[in-house]
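K.L.:
As they're listed, the protein sequences go chains P and S. By numbering that gives the first Met the number 0, the letter at position 137 of the first sequence is numbered 136, and the numbering carries on one by one without gaps. By numbering that gives the first Met the number 0, the letter at position 149 of the second sequence is numbered 148, and the numbering carries on one by one without gaps. Here's a structure for you.
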Amino acid sequence: MTDVQLDPTKRPFWTSDQEVRWCPGCGDYGILAAMQFLHTELDVKREDTVFVSGIGCAARFPYYMSTYGMHTIHGRSPAIATGLAMSRPDLNVWVVGGDGDMLSIGGNHLIHALRRNVNMTVLLFNNQIYGLTKGQYSPTSEVGKVTKSTPMGSIDRPFNPIALAAGAGATFVARTHDLDRKHMIEVFRRAHEHQGAAFIEIYQNCNVFNDGAYDPILKRDNRADMMINLTHGEQIRFGTEGNRGIRLVDGAAEVVDVAGVSESELLVHDEKTANPAMAFALGMLSEDNYSPTPFGIFRAVNAPEYGQAVNRQLDEAAEKNGPGDLSQLLRSLATWSVE
Amino acid sequence: MTDTAEPIEQTALDQVVIRFAGDSGDGMQLTGDRFTSASALAGNDLATLPEFPAEIRAPQGTLAGVSAFQVHISDHEIYTPGDAPDVLVAMNPAALKSELSRLRDGGTLILNDDAFDERNLEKAGFEADPRETGELDGYVVHRVNMTKLTLGATEDLDVKKRDAERAKNFFALGLVSWMYSRPTQPTLDWIEAKFGKLPAIVAANTAAFKAGHAFGETAEMFGSPYKVEAAKQQPGEYTNITGNVATAWGMVAAGELSKLPVFLGTYPITPASDILHELSRHKNFGVRTFQAEDEIAGVGAALGAAFGGSLAFTTTSGPGVALKGETIGLAVSIEIPLVIVDVQRGGPSTGLPTKTEASDLMMAMYGRHGEAPLPIVAASTPADCFYAAIEASRLALKYRTPVILLTDGYLANGAEPWLIPDVSTLPDISVEFATEPNGEDPTGQPVFLPYQRDPETLARPWAVPGTPGLEHRVGGLEKQDVTGNVNYDPANHGRMTELREAKIAGIASDIPPVAVQGSGNAPILILGWGSTRGAITSAAERLRGAGMDVDHANLTHLNPFPPNLGEVLADREHVFVPELNRGQLVRLIRAEYLVDATPINKVMGVPFTAAELAELIQSTVNNSTGNTNAANG
Chain P
0 MTDVQLDPTK
10 RPFWTSDQEV
20 RWCPGCGDYG
30 ILAAMQFLHT
40 ELDVKREDTV
50 FVSGIGCAAR
60 FPYYMSTYGM
70 HTIHGRSPAI
80 ATGLAMSRPD
90 LNVWVVGGDG
100 DMLSIGGNHL
110 IHALRRNVNM
120 TVLLFNNQIY
130 GLTKGQYSPT
140 SEVGKVTKST
150 PMGSIDRPFN
160 PIALAAGAGA
170 TFVARTHDLD
180 RKHMIEVFRR
190 AHEHQGAAFI
200 EIYQNCNVFN
210 DGAYDPILKR
220 DNRADMMINL
230 THGEQIRFGT
240 EGNRGIRLVD
250 GAAEVVDVAG
260 VSESELLVHD
270 EKTANPAMAF
280 ALGMLSEDNY
290 SPTPFGIFRA
300 VNAPEYGQAV
310 NRQLDEAAEK
320 NGPGDLSQLL
330 RSLATWSVE
Chain S
0 MTDTAEPIEQ
10 TALDQVVIRF
20 AGDSGDGMQL
30 TGDRFTSASA
40 LAGNDLATLP
50 EFPAEIRAPQ
60 GTLAGVSAFQ
70 VHISDHEIYT
80 PGDAPDVLVA
90 MNPAALKSEL
100 SRLRDGGTLI
110 LNDDAFDERN
120 LEKAGFEADP
130 RETGELDGYV
140 VHRVNMTKLT
150 LGATEDLDVK
160 KRDAERAKNF
170 FALGLVSWMY
180 SRPTQPTLDW
190 IEAKFGKLPA
200 IVAANTAAFK
210 AGHAFGETAE
220 MFGSPYKVEA
230 AKQQPGEYTN
240 ITGNVATAWG
250 MVAAGELSKL
260 PVFLGTYPIT
270 PASDILHELS
280 RHKNFGVRTF
290 QAEDEIAGVG
300 AALGAAFGGS
310 LAFTTTSGPG
320 VALKGETIGL
330 AVSIEIPLVI
340 VDVQRGGPST
350 GLPTKTEASD
360 LMMAMYGRHG
370 EAPLPIVAAS
380 TPADCFYAAI
390 EASRLALKYR
400 TPVILLTDGY
410 LANGAEPWLI
420 PDVSTLPDIS
430 VEFATEPNGE
440 DPTGQPVFLP
450 YQRDPETLAR
460 PWAVPGTPGL
470 EHRVGGLEKQ
480 DVTGNVNYDP
490 ANHGRMTELR
500 EAKIAGIASD
510 IPPVAVQGSG
520 NAPILILGWG
530 STRGAITSAA
540 ERLRGAGMDV
550 DHANLTHLNP
560 FPPNLGEVLA
570 DREHVFVPEL
580 NRGQLVRLIR
590 AEYLVDATPI
600 NKVMGVPFTA
610 AELAELIQST
620 VNNSTGNTNA
630 ANG
C-alpha cells in the first residue's frame, strides 16, 4: 500500500482497488471523482461510511469507493438503506441510483424513505435513459423520445424529480450536474451535513444512449441563460448581466425580465421555508431541457430524523418497562403452576 | 357465585370439544379465548382452532359472516382441537346452518333462541325454522333466550341497550363456564382489566356473565355440570400461548441469546400481523420494528439492518414471500443472516387469508431464480414456534444465510399450554463479527477477504460497517471465490454455486436426527411436517390402539433433511405423508430417497382431524392396492 492510500486527505484513500467499468466518457466518472474528493475534505472515517445502490450503471458506484458498500437489487436500495440507517444511526449512508432504479421500479421506496426522513443521502443520477439495458426510455425521458422500445416516440409524461421529492416531503432537495465538480462537492457536503433524508438530482450525461441531452442547458454558451443558481437568502437572478429573475404567480414560479417587474416581485430564495410548495414551484420551472433550470439547494429544513426517533422509543420503553428480561417476558401472560 | 359456592354434584369427563359460533360481530373469538384461558388456568391440556372470515364485518346474520372458535380441553395430553365438537353454541341461525354438520351425533346444541326470527332464518337460508322441522332431533337441544336474559340482567345498569345486547356473548360464556365448571374469577378479572376504562361495559359484561352462569345453575335444563380434571402435566410454570406470540417471543429470545439487536422489517398481512403487534410491544429489549411501505421494503430493510449487524427478521404470509423472493435471493448471494417467517395461509393468490394451509413448502424450497438453496425450519405446535424461531435464527447466524421459518394460520392463532422454559437452558447462538484482516494481498499487506470461508461451516466472515480495516463491498453480482470481487468467470460461478449448496447441505450434520415414535421399525411410517404433528400423533395412537404397528415422525428441518431420514424411511411397507397441500413434502421425499411414499392431502382451509387420518390410513393399508387418497371429499 502506498502512502497516499493511507492518507484520508488524498483521493486514493477513498478509491477501491476495483477497475472502474463505466463507458469511457460517462458522466459517472465525474461524480465518482467529486465524491472521492469530498471525502478527502470530510472528517469521517472510511469504516463509518456505506454506499448502497440498486441496479443500473450508476448502481456500480459502491464498488469503486473504498468504504463499506452494498450493490443490491433493482429499485430497492432506499428500502435496504432504510434498515441499515435506522438501525445504525452512527453510519453515513449514501444511496446511489439512476432514474430507472429510483423513479421507476424504486419510486415507492424513494418517496417513503424521503417522507420518513431517514438519515441517508440519495443521489439520483438522472440521464433520462436506461443505460444498462441499452437505451430504452426512462421515467424522466421527454415525451416523444424515440428509443428501441418507443420507435414512434414515448407518450409517457416524465417525472420532475425535484417536484417529486418536494411533494414527498423531503427535507433536503438539491440539483447539481456532472460537469461541475466544485458544485457537486458543495451540494454533497451540505447533504452529508443534513440530518435526515437528503435528495440530490444529478444531471448526468449518458454519452452512449442519450449524449448531450443536457447540452441546451449545460453547454458553456447556454449556461448564463439556462442555469439558475439558487443561493439561500439571495434574490434569484440569472442571464447575462443577471437580467432575468423569478416571481411567483398563483403559487407557480415564472421567469421574468427583471426590467419589466418591480424589485419587490422578484423571488428571494429561502431554502428554510417549511412548506415545500416553494421548492416544488422552483422545481417545476424546468419543464424540459430547453427551460431555464435551477441548480443548487431547493430546500433544507429541519425535521426529526427517523433513526433517532426510533432510538428514542427504545429508550422510552426501557425507561418505562425496565430493560428487557426474557424470563419475565415469558411470564407476562397469565401463568399457573403444576406441582 | 364464586368458586367456593356450595359443592354441587359434577359429572366427570375426560375431555370435551366445544365450538362457539356466531356472527363476526358477536365476539365469538373473544368468548372462545376466555373459555380457553380459564381452562388453561384450571390445568387442562387444550388445543384451539379459531376460524373466522376474512371480512372484518361481513353482512350480519349471513353464512359468510359466521365466526367460530373450537376448543378441546382434557384431563390428559391431547394434540388436536378435536375431531367433532361435543357442544355447539350457535348464537344465530347462520351459525347453526354453517356449523351443525360438524357437531357429533347426539351432541349438545345451545341456541340463542332470540336470534331465530324470520329475518335471520331467511338470511341464513333456512326455508323453515330448523327448531320445528325435526332436523335437530339427533341432538340434545337447549334453547336459551340469551338476548332477552342479557337485557334483563343489565336493565338496572346505566348501559345503552345496544351495549347491553352486545354482552350476550358473555352470557353464553357464563353458561358454558357453569356447564363445564370453569373457574369464574379469571374471566371476571379479565373483564375488569380489559374494559376498566369503560365502567358501563365492565358492568354489562360482568352482569351478563354472571347471569349466564346463574342460568345454568337454576334453569334445571342442563342437569349437573361437568368437570374436566386437570391434566397430568410435567411440574412447572405454564402459560397459554398462541403461535404468533410464541414466534415473537422466540425472536426476542434469539436476540438475547445471540446478543444482537433484533430488527423486524415487515408489512401487515393476515395471518402474520400479530407477530409485528406483539414484537412492537417489546422495544425495551432494544427491538426495532419497522412497518415498511410494502413487503419488498420490509425484507429489504431487514437485509440492510442485517448488513449493519442486527439479527434481522421479516414476517409475512405466502403472498409476501412471493414478493420478497428477489431480496431473499440477494441474501443467499451476499451470505448474510436473515430470517423470513412465512405464516402460511390458503392460496394461490389472496386465497383464504384467514384459513390455514401448508402449501408454501415448494416456494420456500425453490421459489427463487437461480440456484438459491436455503435452510427451512417448520414449527409444529403453537408453543413450538418459540423454539423454531430460535433455531431458524441459530442457523441464519451461524451459516450466514437466509432461513425460511414456516408456520401457518392454525399455529398462528391456535393456543396451547406451554411449560415455560428456564431461559438458562436455551442455546447460546452468539456469533463473532470479523474484526481483523483474514488474508494478504499480493504484496503481503493484510487484507479482508469477505468470501474466505470457515472450513467447517463454509460460512463467510461477517464484518459490519464501523469495523476499521475490513471495508468491503457485497452485491448480487457473482463474486470471486475468497475475494468477493465481481467475477464472471465460468468456473468460478460453478464453484460458488457448489459452495453455496454445500454450505446449506452441510447443516445436516448440525441438526438433530428425526425422532421416530412407535416401535421404530414398524411396517408403516406416517411422516409429517409442521402443524400436522398433532393430528398425526393422535391418529398414530389410535391406530396403535386398534392393533396396527405404526411409527410416526415429524420433521422440523425440511432443508436440509435430518441426517437419519433415509434410514428412517427405508424398509417400510407404507410411508404416508399427510400434508395440508397437494403433495409437496412427498415429492421431495420421493425425489431425495426414491421411496414410494403415499400422499394424504387436504386443502380445505382447516387442519386434519385425527379421525380422518386414522381412517384413511387404515383403509389404505387394508386395501393395500390403493395409493393416493385425498381427504378432500
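A virtual CB, placed ideally from N, CA and C, is assigned to each residue, including glycine.
Going along chain S in order, which residues have a C-beta closer than 7 Å to the C-beta of R87 of chain P?
P.N.:
Per Cβ cutoff of 7 Å: G307, P464.
K.L.:
Note down, in chain order, each residue of its chain lying with its Cβ closer than 6 Å to the Cβ of E390 of chain S, except the 5 sequence neighbours on either side.
P.N.:
Cβ neighbours of E390 of chain S beyond the five flanking positions: V376.
K.L.:
Taking only beta-carbon atoms, is A213 of chain S less than 7 Å away from chain P?
P.N.:
False, the Cβ-Cβ gap to chain P never drops below 7 Å.
K.L.:
Where does D2 of chain P land, buried or exposed, given buried means 16+ other C-beta within 10 angstroms?
P.N.:
By the 10 Å Cβ count, D2 of chain P comes out exposed.
K.L.:
Scan the region 224–243 of chain S for residues whose Cβ lies nearer than 8 Å to a Cβ of chain P and list them as they occur along the chain.
P.N.:
Those residues of the region 224–243 of chain S that come within reach of chain P (Cβ to Cβ, closer than 8 Å) are A229, Q232, Q233, P234, G235, E236, Y237, T238, N239, I240.
K.L.:
By alpha-carbon positions, which one of S:A46, S:G26, S:L40, S:G21 ends up nearest to G533 of chain S?
P.N.:
The option with the nearest alpha carbon to G533 of chain S is S:A46.
K.L.:
Express the C-alpha separation of S257 of chain S and I428 of chain S in angstroms, rounding to a whole number.
P.N.:
Distance between the alpha carbons of I428 of chain S and S257 of chain S: 5 Å.
K.L.:
Sort S:T265, S:F169, S:L259 by Cα distance to R393 of chain S and report the nearest one.
P.N.:
The candidate whose alpha carbon is nearest that of R393 of chain S is S:L259.
K.L.:
In terms of residue numbering, what span does the alpha helix (DSSP H) encompassing K226 of chain S cover?
P.N.:
That residue, K226 of chain S, is in no alpha helix (DSSP H); its beta strand (DSSP E) goes 225–227.
K.L.:
How would you list, in chain order, the residues of chain S whose beta-carbon sits under 9 Å from the beta-carbon of S103 of chain P?
P.N.:
Within chain S, no residue comes near S103 of chain P; the closest Cβ sits about 14 Å away, beyond 9 Å.
K.L.:
Near G625 of chain S, what residues of its chain come up, given a Cβ to Cβ distance below 7 Å and the 5 sequence neighbours on each side ignored?
P.N.:
Here the model assigns G625 of chain S a pLDDT of 45, short of 50, so the residue's position is not dependable and the matter cannot be decided.
K.L.:
What does K478 of chain S pair with, by DSSP beta-bridge criteria?
P.N.:
In DSSP, K478 of chain S forms a bridge with S:V485.
K.L.:
Buried or exposed: where does Q69 of chain S fall if 16 or more other Cβ atoms within 10 Å of its Cβ makes it buried?
P.N.:
Flag for Q69 of chain S reads buried.
K.L.:
I believe T246 of chain S touches I274 of chain S by the beta-carbon criterion, under 8 Å. Please report the beta-carbon distance rounded to the nearest angstrom.
P.N.:
Contact flag correct, Cβ pair sits at about 5 Å.
K.L.:
Rounded to the nearest angstrom, how far is the Cβ of I201 of chain P from that of F279 of chain P, given a contact under 8 Å?
P.N.:
Actually they are not in contact, since the Cβ atoms of I201 of chain P and F279 of chain P sit about 19 Å apart, beyond 8 Å.
K.L.:
CB-CB under 8 Å to G346 of chain S, same chain, minus the five flanking residues each way: which ones, in chain order?
P.N.:
G317, P318, E356, S358, D359.
K.L.:
Keeping to the same chain, check which residues put their C-beta closer than 6 Å to that of V207 of chain P; ignore five residues upstream and five downstream.
P.N.:
Excluding sequence neighbours, V207 of chain P sits near C22.
K.L.:
Could you tell me if I55 of chain S is buried or exposed, where buried requires 16 or more neighbouring beta carbons within 10 angstroms of its beta carbon?
P.N.:
With fewer than 16 Cβ atoms within 10 Å of its Cβ, I55 of chain S is classed as exposed.
K.L.:
Examine chain S for any beta-carbon lying closer than 7 Å to the beta-carbon of E200 of chain P, and answer yes or no.
P.N.:
No, no contact with chain S.
K.L.:
Output needed for G26 of chain S: all residues of its chain with C-beta closer than 6 Å, excluding positions within five of it in sequence on either side, in chain order.
P.N.:
Cβ neighbours of G26 of chain S beyond the five flanking positions: N168.
K.L.:
If you run the structure through DSSP and keep just helix, strand and coil, what is N125 of chain P?
P.N.:
DSSP places N125 of chain P in strand when its eight states are reduced to three.
K.L.:
Measuring CB to CB, does G211 of chain S end up less than 7 Å from L174 of chain S?
P.N.:
Going by C-beta atoms, G211 of chain S is nearer than 7 Å to L174 of chain S.
K.L.:
Leaving aside the five residues before and after I616 of chain S along the sequence, list all residues of the same chain whose C-beta is less than 6 Å from its C-beta, in chain order.
P.N.:
The answer, listed in chain order, is F575.
K.L.:
Give the residues from the region 307–331 of chain P that approach chain S closer than 7 Å (Cβ to any Cβ), ordered along the chain.
P.N.:
Within the region 307–331 of chain P, the residues whose Cβ lies closer than 7 Å to some Cβ of chain S are V309, Q312, L313, A316, A317, N320, G321, P322, G323, L325, S326, L328, L329, R330, listed in chain order.
K.L.:
Please list the partners that D249 of chain P has in chain S, where partner means a Cβ-to-Cβ separation under 9 Å.
P.N.:
Simply none; closest approach about 33 Å.
K.L.:
Can you tell me whether Y62 of chain P is buried or exposed? The criterion is at least 16 other CB atoms within 10 Å of its CB, across all chains shown.
P.N.:
Buried is the call here.
K.L.:
G625 of chain S by DSSP, collapsed to three states: which one?
P.N.:
Here G625 of chain S scores only 45 on pLDDT, less than 50, and its place in the model should not be relied on; the value that follows carries that caveat. Reduced to three states, the DSSP call for G625 of chain S is coil.
K.L.:
Name the residue from S:G42, S:L557, S:V65, S:A300 whose alpha carbon lies nearest to the alpha carbon of I77 of chain S.
P.N.:
Ranking the options by Cα distance to I77 of chain S, first place goes to S:G42.
K.L.:
Helix, strand or coil for Q312 of chain P? Go by DSSP, reduced to three states.
P.N.:
Helix, per DSSP.
K.L.:
Applying the criterion that 16 or more other CB atoms from any shown protein chain within 10 Å of the CB defines a buried residue, is H75 of chain S buried or exposed?
P.N.:
The residue in question, H75 of chain S, is exposed, as its Cβ has fewer than 16 Cβ neighbours within 10 Å.
K.L.:
Closest to M227 of chain S by C-alpha separation, out of S:K282, S:G249, S:E477, S:Y179, would be which residue?
P.N.:
This sequence places Val at residue 227 of chain S; Met is not what is there. When only C-alpha atoms are compared, the closest one is S:Y179.
K.L.:
What residue ranges within the region 315–398 of chain S form continuous alpha helix (DSSP H) runs of no fewer than 4 residues, ordered along the chain?
P.N.:
List check, alpha helix (DSSP H) in window: 317–333, 360–365, 383–398.
K.L.:
Applying a beta-carbon distance threshold of less than 7 Å, which residues of chain S neighbour M69 of chain P?
P.N.:
Within 7 Å Cβ-Cβ: F306, V473, G474.
K.L.:
Who are the near neighbours of T81 of chain P in its chain, counting only those whose CB is closer than 6 Å to its CB and skipping five residues on each side?
P.N.:
These residues qualify, in order along the chain: A112, V117.
K.L.:
Going residue by residue through the region 401–442 of chain S, where are the continuous alpha helix (DSSP H) segments of at least 4 residues, counting only ones entirely within it?
P.N.:
Whole alpha helix (DSSP H) segments, 4+ residues: 408–412.
K.L.:
Name, please, each residue of chain P whose Cβ falls closer than 9 Å to the Cβ of G33 of chain S.
P.N.:
Strictly speaking, residue 33 of chain S in this sequence is Arg, with Gly absent from that position. Chain P residues near R33 of chain S: none, gap ~11 Å exceeds 9 Å.
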